[in-house]
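Heads up, the thing below is written out as structure tokens.
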Amino acid sequence: MSPAHPARDRLVAAAADLFYRQGIHATGIDEVIARAGVAKASLYNNFASKDELVAAYLRDALERSRRLFAECLSEPDPPSRLRSFFDRLAAGATRDDFAGCPFANAAAELDPRDPASSVLAEFDRALADFFARAIDDAPDSPAVRRLVVCYVGALHGAKVRHDPRVVADAADLALATWSRA
């Protein structure tokens, strides 16, 4: 928590947990406030609406994703970068609270005109940029588009099947895709 905004930070953390596990529409503001342990006034002092809280949750998830991308890009070569990324996804998929990709989950619930949808587009660009940098290719190349499909399929499959091995399969496919590019 940042010392300057502890109530805001608690609200975003509570929203992140609840929105991710239960869904955005299934989670009421009162539940977020109760989980955060703040007064209702704290919510409206920090966010004008639930939509703004959703956007803050997604921006927080985007920043965590960017840190993950940076860590994986520190690996020495494309196969190591891809393996590191998918290994980390596989580790996340083994957690009891795993519920898939927060961005895909939000995209399934949000209207494309929703203000928070711009964060979904930012994630999409950041993911493509990560893969492009990981394999030293253009963000719109066929190889990068295929790697994005591997990511989406991996997390969706692991969520629906409750089987983290799907992520390992996607990693193998990603490495094969890169080596043929």
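For the sequence shown, the numbering used here begins at 23 and goes up steadily by one.
The C-beta atom is built at its ideal place from N, Cα and C for all residues, glycine as well.
Here the structure is a predicted model, which is why all the values come from computation and not from measurement.
Item to complete: Apply the 10 Å Cβ neighbour rule to residue 60 and answer buried if 16 or more other Cβ atoms are within range, or exposed otherwise.
Response: Residue 60 is classed as buried because its beta carbon has at least 16 other beta carbons within 10 Å across all chains shown.
Worksheet item: Can you tell me whether residue 30 is buried or exposed, with buried defined as 16 or more other CB within 10 angstroms of its CB?
Response: buried
Item to complete: Quick one: residues in its chain with C-beta nearer than 6 Å to the C-beta of residue 125, no 5 flanking neighbours on either side, listed in chain order?
Response: 142 and 145
Discussion item. Could you tell me the alpha carbon to alpha carbon distance between residue 186 and residue 97, rounded to whole angstroms?
Written reply: 23 Å
Worksheet item: With distances taken between CB atoms, is the gap from residue 80 to residue 54 smaller than 8 Å?
Response: Going by C-beta atoms, residue 80 is not nearer than 8 Å to residue 54.
Item to complete: Can you have a look at residue 42 and say buried or exposed, based on whether 16 or more other CB atoms are within 10 angstroms of its CB?
Response: buried
Worksheet item: Does the separation of the CB atoms of residue 91 and residue 148 fall below 8 Å?
Response: Yes; because the gap between Cβ atoms is below 8 Å, this pair is in contact.
Discussion item. By alpha-carbon positions, which one of 200, 156 and 173 ends up nearest to residue 112?
Written reply: The shortest C-alpha to C-alpha distance from residue 112 to any of 200, 156 and 173 is the one to 173.
Discussion item. Looking only at its chain, what residues have a beta carbon closer than 6 Å to the beta carbon of residue 64, apart from the 5 residues adjacent to it on each side?
Written reply: In chain order, 29 place their CB closer than 6 Å to the CB of residue 64, counting only its own chain and leaving out the 5 sequence neighbours on each side.
Worksheet item: Helix or strand or just coil, what does DSSP make of residue 132?
Response: coil
Practice prompt. Could you tell me how far apart the beta carbons of residue 73 and residue 136 are, in whole angstroms, since I believe they sit closer than 8 Å?
Written response: 7 Å
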